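> Below is the structure I would like to discuss, written out as structure tokens.
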Amino acid sequence: MSLAERLADVTGPYFGEFGGRFVPEALIAALDELETEYAKAAGDPAFGAELARLHREYTGRPSPLTEVPRFAAHATGDGAPGSVRVLLKREDLNHTGSHKINNVLGQALLVKRMGKRRVIAETGAGQHGVATATAAALMDLECVIYMGEEDTRRQALNVARMRLLGAEVVPVTAGTRTLKDAINEALRDWVTNVEHTHYVLGTVTGPHPFPEMVRQFHRIIGEEARGQVLERTGRLPDAVAACVGGGSNALGIFNAFLDDEGVALYGFEAGGEGVESGRHAARFSGGSPGVLHGARSYLLQDDDGQTRPSHSVSAGLDYPSVGPAHSWLHDLGRAEYEPVTDDEAMEAFRLLCRTEGIIPAIESAHALAGALKLGRRAVAEARTGPDGAPYTVLVNLSGRGDKDVATAARWFGLLDDGVAAQELEKMEGRG
Amino acid sequence: MVSTSAPAAEPGRATDVAPRSGDLIARLRDEENRPALVGYLPVGFPDVERSVEALLTLTDNGVDVIELGIPYSDPVMDGLVVQEAAQVALDGGVRVTHVFEAVRRIREHAPHVAVLVMTYWNPVLRYGVRDFATDLAAAGGSGLITPDLIPDEAGDWIAASDELGLDRVFLVAPSSTPDRLALTARASRGFVYAASLMGVTGVRAKVGDRAERLVTDTRAAGAEHVCVGIGVSTGAQAAEVGRWADGVIVGSALVRRLLGDDPWEERLRNLAEVTRDLASGVRSARAAHGAH
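In order, the protein sequences belong to chains Z and P.
Per the UniProt record's numbering, the very first residue in the first sequence carries number 1; after that it's consecutive.
Per the UniProt record's numbering, the very first residue in the second sequence carries number 1; after that it's consecutive.
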């Protein structure tokens, strides 16, 4: 990359020393084809116009910006409002309930251009699987979703949604039975069926060109939000907060602010039961650089380079590696990455429900918990915006929490009625 | 390929130095008019000691080149049979360093056999590419087969293997373009591994015509030796493939004999039997057809 380049425009295959293509040769032709087709599409006004039309008429973009003052008051310690402002970018209001649709619609249009007829995808929480199944239904593509068996239990409702949309959902029983193993199985499928199948990778990981291309499809989040915050507050935010699993929602919102020096960027990883417990998905505080699923990036691994299992209450953050662009931003010092524990995330989850009437995805609740920390830190250090303006945090609310109601009900012990508890167990496939 | 025609023993190298797989394949072709039989097993399945017993069973029953697998947590190029064995090995506590011990014991037992280590790339990265290459060479290993490393990403490994005289076996696939076949042939030393059927490893009923086309195309792109893997499970198939390939690679069909609940001695007998069948397959491949 050239020194004069804006950070927001850096392209693959490498982000600093991260990224690349550590995949079987069998996939190289398909990755080259994808890269070429994506480059052609990116320069084709008709492609841009069709994607913009889908964003507007199908997804419901632009997604709104919502200020949440009753939630923000909890960042100030004594509850005094005003010194911290929290603004939510409402990706949860997109069709299918998360940011994932942005990427999926872009890739589905590419699939049509490449003349392929079958798509496969991995999914953790089920949000990317639902989005892919949705786009496949819309564009008449055969669709197979790989999902770890453990996640099919945690997210039973999303399994049903995908099947309603006509997708085949394959529970993966290998390894840890979570997102990592779903990706392994999707890669095996792709190696076998690469001639007529496209792998709709759901995040900014994987071999080049996925990390760059998926970021491009999500950069609209940050571009919209930047304009909305400027319009609402008259200035840029002091901090941007997002949760980081693979890292697509975070990179999507960060990208528009990468070259704004005054805007601090914070990615919140799943701290699980605490980094010291060993049961977490905190790649930056508990991992080291290595190769998984086609890219060199920070990775949870043991001394032999075997992938260590990750853990999180949130299926969507339960992944042992992270997009290579995040590793690059981490090592550059442009973004900071901190763990948020299951407990902290669930507390923020409940708080947003109770103070603002918004049920967030548990993934996004990690960003909310992070925003509370940032606000408290600013208050403690008496930091403000320019001219004493309130310290302003922009949070990417990447998904809605309907899929997480069962998990939350159990976490908080909300079902004292035995029959309701049984129904819940049944719904989760444990009955 | 660059150096397959180099002399077997370079000046200053010990005579018991590990055989170069390319030299071995050339000798079998020139002196015995037959392809090499390449047999895969993972180290540590069902435990390190018994995996060495199984590997020695291969060399005792006609395997020319051992492809010794390092079990890995995320084996995207392997089918269910190899995955299951690798998981058992990992659960049993196999470590990367066990592979050097296994190489040493195979070479002591069968000095004529070339041992290539098959590994996904992250365990080597974690160990250190240069350190791994040094320890492999010291153990008597001939080189590496790298299913998820393409030459484009292999700078460190190419430098280390050049320095230590190790073989580096990269893969080609039916989807590889002529440019990539040429690039891979140039970067490989020993042989090029043709993944004959599109897909992951596993026993298949039939080996397709595409494999022969891929071997032809890979030779045309500059490869001196091309061995074919993924799909062969019987002596008859080995004979069919061996008519036009420089080596026949067998993996899942061997591993499958070691899975299950039969007594270990019984499993070893089954392994010996299928190995002899495959060995007789490669020995009959060209008998009725003359040299290719």
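The beta-carbon is built from N, C-alpha and C at its ideal position, and this holds for glycine as well.
On a predicted model such as this, the values are computed, not experimentally measured, just so you know.
Give the list of continuous beta strand (DSSP E) stretches no shorter than 3 residues that lie fully inside the stretch 101-177 of chain P.
114-118, 143-145 and 167-169
> Spell out whether any CB of chain Z is found under 8 Å from the CB atom of Trp121 (chain P).
For the purposes of this step, residue 121 (chain P) is taken as the residue at position 121 of the second sequence. Output row for Trp121 (chain P): interface = yes.
> Which two residues bound the contiguous alpha helix (DSSP H) that contains Ala253 (chain P)?
Reading the second sequence from its first residue, position 253 is the one you call residue 253 (chain P). Segment Ser252 to Leu258, the alpha helix (DSSP H) holding Ala253 (chain P).
> Around the Cβ of Glu67 (chain P), are there at least 16 other Cβ atoms within 10 angstroms (buried) or fewer (exposed)?
As a position in the second sequence, residue 67 (chain P) is number 67, starting the count at 1. Burial call: buried.
> With the cut-off set at 8 Å, would you say Ala264 (chain Z) and Val395 (chain Z) are in Cβ contact?
Walking along the first sequence from the start, residue 264 (chain Z) turns up at place 264. Walking along the first sequence from the start, residue 395 (chain Z) turns up at place 395. Going by C-beta atoms, Ala264 (chain Z) is not nearer than 8 Å to Val395 (chain Z).
> From which residue to which residue does the alpha helix (DSSP H) around Met162 (chain Z) run?
For the purposes of this step, residue 162 (chain Z) is taken as the residue at position 162 of the first sequence. From DSSP, the alpha helix (DSSP H) with Met162 (chain Z) extends over Ala156 to Leu164.
> If you draw a straight line from the alpha carbon of Ser284 (chain P) to that of Val241 (chain P), how long is it in whole angstroms?
What you label residue 284 (chain P) is simply residue 284 of the second sequence in a count that begins at 1. What you label residue 241 (chain P) is simply residue 241 of the second sequence in a count that begins at 1. About 11 Å.
> In three-state terms, what does DSSP make of Gln107 (chain Z)?
Position 107 of the first sequence, counted from the first residue, corresponds to residue 107 (chain Z). Three-state DSSP puts Gln107 (chain Z) in a helix.
> Based on Cα-Cα distance, which residue from Z:Arg283, Z:Arg296, Z:Arg56 and Z:Asp9 lies nearest to His95 (chain Z)?
Working through the first sequence from its first residue, we reach residue 95 (chain Z) at position 95. Of the candidates Z:Arg283, Z:Arg296, Z:Arg56 and Z:Asp9, the one whose C-alpha sits nearest the C-alpha of His95 (chain Z) is Z:Arg56.
> What are the residues of the stretch 57-74 of chain P that lie near chain Z, defined by any Cβ-Cβ distance shorter than 9 Å?
Ile70, Pro71, Tyr72, Ser73 and Asp74
> Since Asn249 (chain Z) is in the alpha helix (DSSP H), which residue starts that stretch and which ends it?
By one-based count along the first sequence, residue 249 (chain Z) stands at place 249. Here the alpha helix (DSSP H) through Asn249 (chain Z) covers Ser248 to Phe254.
> Counting only beta-carbon separations shorter than 8 Å, does Leu292 (chain Z) have a partner in chain P?
Your numbering for residue 292 (chain Z) matches position 292 in the first sequence. Taking Cβ atoms only, chain P reaches closer than 8 Å to Leu292 (chain Z), which makes this a yes.
> So Arg70 (chain Z) is in the alpha helix (DSSP H); what residue range does that whole segment cover?
Along the first sequence, one-based indexing puts residue 70 (chain Z) at 70. Its alpha helix (DSSP H) spans residues Pro69 to Ala72.
> Find the nearest neighbour of Ile145 (chain P) within the set P:Leu268, P:Pro42, P:Leu90 and P:Ser176, judged by alpha-carbon distance.
Locating residue 145 (chain P) in the second sequence gives position 145, counting from the first residue. Answer by Cα proximity: P:Pro42.
> Would a C-beta distance cut-off of 8 Å place Ala221 (chain P) and Pro178 (chain P) closer than the cut-off?
Taking the second sequence and counting its residues from 1, one reaches residue 221 (chain P) at position 221. Taking the second sequence and counting its residues from 1, one reaches residue 178 (chain P) at position 178. For Ala221 (chain P) and Pro178 (chain P), yes; Cβs fall inside 8 Å.
> Mark Trp244 (chain P) as exposed unless 16 or more other C-beta atoms lie within 10 angstroms of its C-beta, in which case mark it buried.
Residue mapping note: residue 244 (chain P) aligns to position 244 of the second sequence, counting from 1. By the neighbour-count rule (16 or more Cβ atoms within 10 Å), Trp244 (chain P) is buried.
> Starting from Thr216 (chain P), trace the alpha helix (DSSP H) both ways and give me its first and last residue.
By 1-based counting over the second sequence, the position of residue 216 (chain P) is 216. From DSSP, the alpha helix (DSSP H) with Thr216 (chain P) extends over Asp209 to Ala220.
> With three or more C-beta pairs closer than 8 Å as the rule, is the stretch 106-113 of chain Z touching the stretch 128-147 of chain Z?
Here the stretch 128-147 of chain Z makes contact with the stretch 106-113 of chain Z; the two share three or more CB pairs at distances below 8 Å.
> Would you call Gly234 (chain Z) buried or exposed, if buried means 16 or more other Cβ atoms sit within 10 Å of its Cβ?
Counting from 1 along the first sequence, the entry for residue 234 (chain Z) is found at position 234. Label assigned to Gly234 (chain Z): exposed.
> What are the boundary residues of the beta strand (DSSP E) that includes Asn94 (chain Z)?
Here residue 94 (chain Z) corresponds to residue number 94 of the first sequence, with the count starting at 1. Looking at the DSSP string, Asn94 (chain Z) is not in any beta strand (DSSP E), and its letter there is neither H nor E.
> Which residues, in chain order, does the stretch 19-33 of chain Z contribute to contact with chain P at a C-beta distance below 9 Å?
Gly20, Arg21, Phe22, Val23, Pro24, Glu25, Ala26, Leu27, Ile28, Ala29, Ala30 and Asp32
> Could you give the DSSP three-state label for His99 (chain Z): helix, strand or coil?
Locating residue 99 (chain Z) in the first sequence gives position 99, counting from the first residue. In this structure, His99 (chain Z) counts as coil in the three-state DSSP scheme.
> Along chain Z, in chain order, which residues have C-beta atoms closer than 7 Å to that of Pro147 (chain P)?
For the purposes of this step, residue 147 (chain P) is taken as residue 147 along the second sequence, with counting starting at 1. Near Pro147 (chain P) (Cβ distances below 7 Å), the residues of chain Z are Pro24.
> Run through chain Z and tell me which residues come within less than 8 Å of Val172 (chain P), C-beta to C-beta.
Indexing the second sequence from 1 puts residue 172 (chain P) at position 172. Neighbours of Val172 (chain P) on chain Z, chain order: Glu25.
> Look at Gly222 (chain Z) and Phe257 (chain Z) and say whether their C-beta atoms are less than 8 Å apart.
Residue 222 (chain Z) sits at position 222 when you count from the first residue of the first sequence. Residue 257 (chain Z) sits at position 257 when you count from the first residue of the first sequence. Yes; because the gap between Cβ atoms is below 8 Å, this pair is in contact.
> Going along the stretch 275-288 of chain Z in order, which residues come within less than 7 Å of chain P, judged by CB to CB distance?
Listed in sequence order: no entries.
> Out of Z:Thr59, Z:Glu149, Z:Pro64 and Z:Leu27, which one is the CA nearest neighbour of Glu231 (chain Z)?
Looking up residue 231 (chain Z) in the first sequence gives position 231. Of the listed residues, the one whose Cα sits closest to Glu231 (chain Z) is Z:Pro64.
> Rounded to the nearest angstrom, what separates Leu299 (chain Z) and Glu344 (chain Z) at their Cα positions?
For this step, residue 299 (chain Z) is matched to residue 299 along the first sequence. For this step, residue 344 (chain Z) is matched to residue 344 along the first sequence. Distance between the alpha carbons of Leu299 (chain Z) and Glu344 (chain Z): 23 Å.
> Going by other Cβ atoms of all chains shown within 10 Å of its Cβ, with 16 needed for buried, is Leu164 (chain Z) buried or exposed?
Taking the first residue of the first sequence as position 1, residue 164 (chain Z) is located at position 164. Exposed, because fewer than 16 other Cβ atoms sit within 10 Å of the Cβ of Leu164 (chain Z).
> Output yes if chain P places a C-beta closer than 8 Å to the C-beta of Val322 (chain Z); else output no.
Locating residue 322 (chain Z) in the first sequence gives position 322, where the first residue counts as 1. No, because no Cβ of chain P sits closer than 8 Å to the Cβ of Val322 (chain Z).
> Would you call the stretch 195-206 of chain Z and the stretch 360-369 of chain Z touching, i.e. three or more CB-CB distances under 8 Å?
no
> Measuring CB to CB, does Ser248 (chain Z) end up less than 8 Å from Val291 (chain Z)?
As a first step, residue 248 (chain Z) must be located in the first sequence, where it is residue number 248. As a first step, residue 291 (chain Z) must be located in the first sequence, where it is residue number 291. Not closer than 8 Å, so no.
> Below 8 Å on C-beta distance, what does Tyr40 (chain P) contact in chain Z?
On the second sequence, residue 40 (chain P) is found 40 positions in, with the first residue counted as 1. Listed along the chain, the chain Z residues whose CB falls inside 8 Å of the CB of Tyr40 (chain P) amount to none; the nearest CB is some 16 Å away.
> Assess, as a yes-or-no matter, whether the stretch 153-160 of chain P is touched by the stretch 101-116 of chain P under the definition of 3 or more beta carbon pairs within less than 8 Å.
no
> Check the Cβ-Cβ distances between Gln216 (chain Z) and every residue of chain C, and say whether any is below 8 Å.
In the structure shown, chain C cannot be found, because the protein chains are Z and P.
> If we call anything under 8 Å between Cβ atoms a contact, is Ala39 (chain Z) one with Ser175 (chain P)?
One-based indexing of the first sequence puts residue 39 (chain Z) at position 39. One-based indexing of the second sequence puts residue 175 (chain P) at position 175. Not a contact, by the Cβ cut-off of 8 Å.
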